[in-house]
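Notes follow once the structure below has been shown.
In the numbering used here, the protein residues as written are 5 to 62.
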């Protein structure tokens, strides 16, 4: 019936909305991880530069 079709469509739309929200959340987690990794990489590079400078000075 039309009512059943409408209910099915509403259910499908709800599932798509939930899936989109989960995808957005996962994307945010990936972005935060990438930012953290970038910061750590910058810190390690600075540490390596200091280490190499100390070796050259020795």
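Where is the CB? At the ideal position from N, CA and C, for every residue including glycine.
Euclidean distance between Cα positions of residue i and residue j
i          : j          : result
residue 28 : residue 15 : 20 Å
residue 48 : residue 55 : 10 Å
residue 41 : residue 53 : 18 Å
residue 50 : residue 32 : 27 Å
Assigned secondary structure, residue i (DSSP; H/G/I helix, E/B strand, else coil)
i          : result
residue 46 : helix
residue 5  : coil
residue 62 : coil
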